[in-house]
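Chemist:
Numbering (the working numbering), first residue to last: 2 to 318.
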């Protein structure tokens, strides 16, 4: 399609991780299993929080949001990636490309802001525990969660509109596993410095600013924990933050490495592996981390399994 002497492609073809058939089949099986584990694990976390009244607290309200975001992010990328691993023709209409970019950017942005909100929740729990229930009331939690969803969605919409206003070259092949922002921009045959500036601004607003707020929260948290005289209470305070801190380090560390300097971005292979990390590994790791490192969640699992075991025994008799 020609418009104003500029060429626009109607579809793009993702090259994926490998052209070897056996490798693609192996990756299909591996990624399918991991995707199903991610979906099941996150929905079980949501179900557990819903069923156990002791988990009806701000922390687990935000964790519910995080689990839903993880599943949504994975679903925006993985099913299409699985289909392409086995498909001969890998062409995708540009409308679908834009939709995937919008949703993946949106879910990613929401997660970063949500992690910042969760850091604030942990800050209040550790640094001002006596007023925790007063400060983190239901209305504030709802507003903070809504802010996360709205800010991520608005940023995604802006980035998608800016990107797809660019005239794209006739080379419709994208060497990536999904329609990732930097990969799509490479198709443009005009100066994309303004887009790189937009990425930088977005990185500052939805990545570095939240990261600085998380860092500030944990500086205050660690300072407060170190002032606690009792070793037992100090350990208890640290354990309330351990799961969230682990997720923050994994999530923010990889994102800063990828996006904060688009001109000196990682290699194509590194970008693919980073996308796999966010699309598949993080949704698997998050429920695992919160289940293994959190005593309340482990206790809720044991309680639920005990109830199910008792119900099974009654039905059997």
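Glycine residues also receive a C-beta, built at the ideal position from the N, C-alpha and C atoms.
Assess contact between the segment 102-120 and the segment 60-79, defined as three or more Cβ pairs (one per stretch) separated by less than 8 Å. Is contact present?
Modeler: Output reads yes: the segment 60-79 touches the segment 102-120.
Chemist: Helix, strand or coil for residue 292? Go by DSSP, reduced to three states.
Modeler: Note: residue 292 maps to helix in three-state DSSP.
Chemist: Residue 15 bridges to which residues according to DSSP?
Modeler: Paired residue(s): 175.
Chemist: Look at the Cβ atom of residue 13, then the Cβ atom of residue 136, and state whether they are nearer than 8 Å.
Modeler: For residue 13 and residue 136, no; Cβs fall outside 8 Å.
Chemist: In chain order, what residues of the same chain lie with their CB nearer than 7 Å to the CB of residue 29, ignoring the 5 residues before and after it?
Modeler: Excluding residues within five positions, the ones whose Cβ falls inside 7 Å are 83, 86, 87.
Chemist: Go through its chain and collect everything with a Cβ distance to residue 62's Cβ below 6 Å, but skip five positions before and after it.
Modeler: Correct list, in chain order: 142.
Chemist: Do the CB positions of residue 103 and residue 147 come within less than 8 Å of each other?
Modeler: Cβ distance not < 8 Å, so residue 103 and residue 147 don't count as in contact.
Chemist: Below 7 Å CB to CB, which residues in the same chain sit around residue 178 once its five sequence neighbours on both sides are set aside?
Modeler: Within the same chain, residue 178 has close Cβ partners 15, 17, 18, 82, 273, 276, 277.
Chemist: Under three-state DSSP, which class holds residue 275?
Modeler: The answer is helix: DSSP assigns residue 275 an H, G or I state.
Chemist: Do residue 46 and residue 284 count as a contact pair if the criterion is CB distance below 8 Å?
Modeler: Cβ atoms of residue 284 and residue 46: not closer than 8 Å.
Chemist: Cutting at 6 Å between CB atoms, please list the residues of its own chain near residue 246, excluding the five before and the five after it.
Modeler: Cβ within range, chain order: n/a, list empty.
Chemist: Between the segment 35-53 and the segment 126-134, do at least 3 Cβ pairs fall closer than 8 Å?
Modeler: These segments do not touch.
Chemist: With a cut-off of 8 Å on the beta carbons, I'd call residue 127 and residue 238 a contact; round off their distance for me.
Modeler: At roughly 5 Å, the Cβ-Cβ gap stays under 8 Å, so residue 127 and residue 238 are in contact.
Chemist: Determine the direct distance from the alpha carbon of residue 296 to that of residue 240, and round the result to whole angstroms.
Modeler: Answer to the nearest angstrom: the Cα atoms are 8 Å apart.
Chemist: Excluding the 5 residues preceding and the 5 following residue 180 in the sequence, name in chain order all residues of the same chain whose CB lies nearer than 6 Å to its CB.
Modeler: Excluding positions up to five away in sequence, the list reads 98, 101, 102.
Chemist: Are the Cβ atoms of residue 280 and residue 79 separated by less than 8 Å?
Modeler: It is a contact, given that the beta carbons lie within the stated cut-off.
Chemist: Please go through the same chain and pick out, in chain order, the residues whose beta-carbon is closer than 7 Å to the beta-carbon of residue 105, but skip the five residues on each side of it.
Modeler: Excluding positions up to five away in sequence, the list reads 74, 77, 78, 179.
Chemist: Rounded to a whole number of angstroms, what is the C-alpha to C-alpha distance between residue 217 and residue 203?
Modeler: The alpha-carbon atoms of residue 217 and residue 203 are separated by roughly 20 Å.
Chemist: Just grab the DSSP bridge partners of residue 93 for me.
Modeler: According to DSSP, residue 93 bridges with 13.
Chemist: What would DSSP say about residue 137, mapped onto helix, strand or coil?
Modeler: Looking at residue 137 - three-state DSSP - the assignment turns out to be coil, as it is neither helix nor strand.
Chemist: Here's the rule I'm using: 16 or more other beta-carbon atoms within 10 Å means buried, otherwise exposed. How should residue 320 be labelled?
Modeler: Outside the displayed span of the chain (2 to 318) sits residue 320, for which this structure offers no information.
Chemist: With 16 other CB atoms within 10 Å as the buried threshold, where does residue 36 fall?
Modeler: Buried, because 16 or more other Cβ atoms sit within 10 Å of the Cβ of residue 36.
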